[in-house]
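Novice: Numbering (this note's numbering), first residue to last: 1 to 276.
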């Protein structure tokens, strides 16, 4: 078994068991049986039992309803954030945390559209291609996790500066089908017009290309440090060694210089959308 996956499962299970114990304790204090609580909140006895045993991830509506019926004064509703986090693999939670603590994020991608730019339709199609395939539950978890990370692009609050460089092939590969790719290009045009976001395209015809070793990202954190992150096949890791980070920074600077300018890139994406 993948050790990382096993650790993720253990951590998630621990959170769900704790949530289940809190709900059970509140239910017993209220003098209700599982069937009675289930009837009061619109769930079956089996579903309540599964939640209390830590075998089922409760939805936010379940927690809110249980909190009200059991007069828990926010104790159960307050668990929603912990439960939401537990839905996602640990490496996704860790990456989302790093992104939220960044003042600047730069990313180069040569195989797929960067996760922060993906539409839900594109992400779902991408995860559906995985071999061996994810279960339906895992698929939904992955899609939800990817979409939740995009909250960092919400323009209603102070944001870091983003720059993305996409290889041209990532904009031409019709992941999810022709119309899904068209909507993906439209999403990139929308995000690329945000004041704190720059998207650049690396044309296939470029002879010089500093990014042929693969995709990576750089995150400049609020404490002044910069870290790298790389994900290849089954290996995903943080790069914090100062020398390695400097090499990635140098490469990213060259990649950006070799790519189309942000203005040229949006025009290029607009042209591709018209052809799709």
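A virtual CB, placed ideally from N, CA and C, is assigned to each residue, including glycine. Treat the numbers as computed from the prediction; the structure is a model and nothing was measured.
How far does the beta strand (DSSP E) with residue 162 in it extend, from its first residue to its last?
Specialist: Looking at the DSSP string, the run of the beta strand (DSSP E) that includes residue 162 is 161-167.
Novice: So, with DSSP's three-state summary, where would you put residue 253?
Specialist: Of the three classes helix, strand and coil, the one that applies to residue 253 here is helix, per DSSP.
Novice: Give me, in chain order, the residues of the same chain whose beta-carbon lies closer than 6 Å to that of residue 217; leave out the 5 immediate sequence neighbours on both sides.
Specialist: Closer than 6 Å at the Cβ level, and outside the excluded window around residue 217, lie 107 and 229.
Novice: How big is the Cα-Cα spacing for residue 54 and residue 135?
Specialist: Answer to the nearest angstrom: the Cα atoms are 19 Å apart.
Novice: According to the neighbour-count rule (16 or more other Cβ atoms, all chains shown, within 10 Å of its Cβ), is residue 168 buried or exposed?
Specialist: Residue 168 is buried by the Cβ-count criterion.
Novice: Going by DSSP, name the residue or residues bridged to residue 240.
Specialist: Paired residues: none, contrary to the question.
Novice: I'd like to know whether the C-beta atoms of residue 161 and residue 103 end up nearer to each other than 9 Å.
Specialist: It is a contact, given that the beta carbons lie within the stated cut-off.
Novice: Rounded to whole angstroms, what's the CA-CA distance from residue 272 to residue 81? Just pull it up for me.
Specialist: Looking at the two C-alpha atoms, the distance is approximately 40 Å.
Novice: Cα separation between residue 145 and residue 263?
Specialist: Cα to Cα, residue 145 sits roughly 31 Å from residue 263.
Novice: Any idea what DSSP makes of residue 101, helix, strand or coil?
Specialist: If DSSP states are grouped into helix, strand and coil, residue 101 belongs with coil.
Novice: In three-state DSSP terms, what is residue 107?
Specialist: Strand at residue 107.
Novice: Residues in its own chain within less than 8 Å of residue 100 by CB, not counting five upstream and five downstream?
Specialist: 152.
Novice: Can you check whether the CB of residue 62 is closer than 9 Å to the CB of residue 116?
Specialist: Their beta carbons are not under 9 Å apart, which means residue 116 does not touch residue 62 by this criterion.
Novice: Apply the 10 Å Cβ neighbour rule to residue 52 and answer buried if 16 or more other Cβ atoms are within range, or exposed otherwise.
Specialist: Burial call: buried.
Novice: Between the alpha carbons of residue 7 and residue 173, how many angstroms are there, rounded?
Specialist: A caution first: residue 7 carries a pLDDT of 47, below 50, which makes its placement in the model unreliable, though a value can still be read off. Answer to the nearest angstrom: the Cα atoms are 34 Å apart.
Novice: Given a cut-off of 9 Å on the beta-carbon distance, is the pair residue 203 and residue 266 in contact?
Specialist: No, the pair does not count as a contact, with Cβ atoms beyond the cut-off.
Novice: Compute the Euclidean distance between the alpha carbons of residue 258 and residue 124, then round it to the nearest angstrom.
Specialist: Taking the straight line from one Cα to the other gives about 31 Å.
Novice: Would DSSP call residue 28 helix, strand or coil?
Specialist: In the structure shown, residue 28 sits in a helix (DSSP, three-state: H, G or I).
Novice: Applying the criterion that 16 or more other CB atoms from any shown protein chain within 10 Å of the CB defines a buried residue, is residue 215 buried or exposed?
Specialist: Answer is buried; the Cβ neighbour count reaches 16.
Novice: Could you have a look at residue 200 and say whether DSSP puts it in helix, strand or coil?
Specialist: Residue state, collapsed to three classes: strand.
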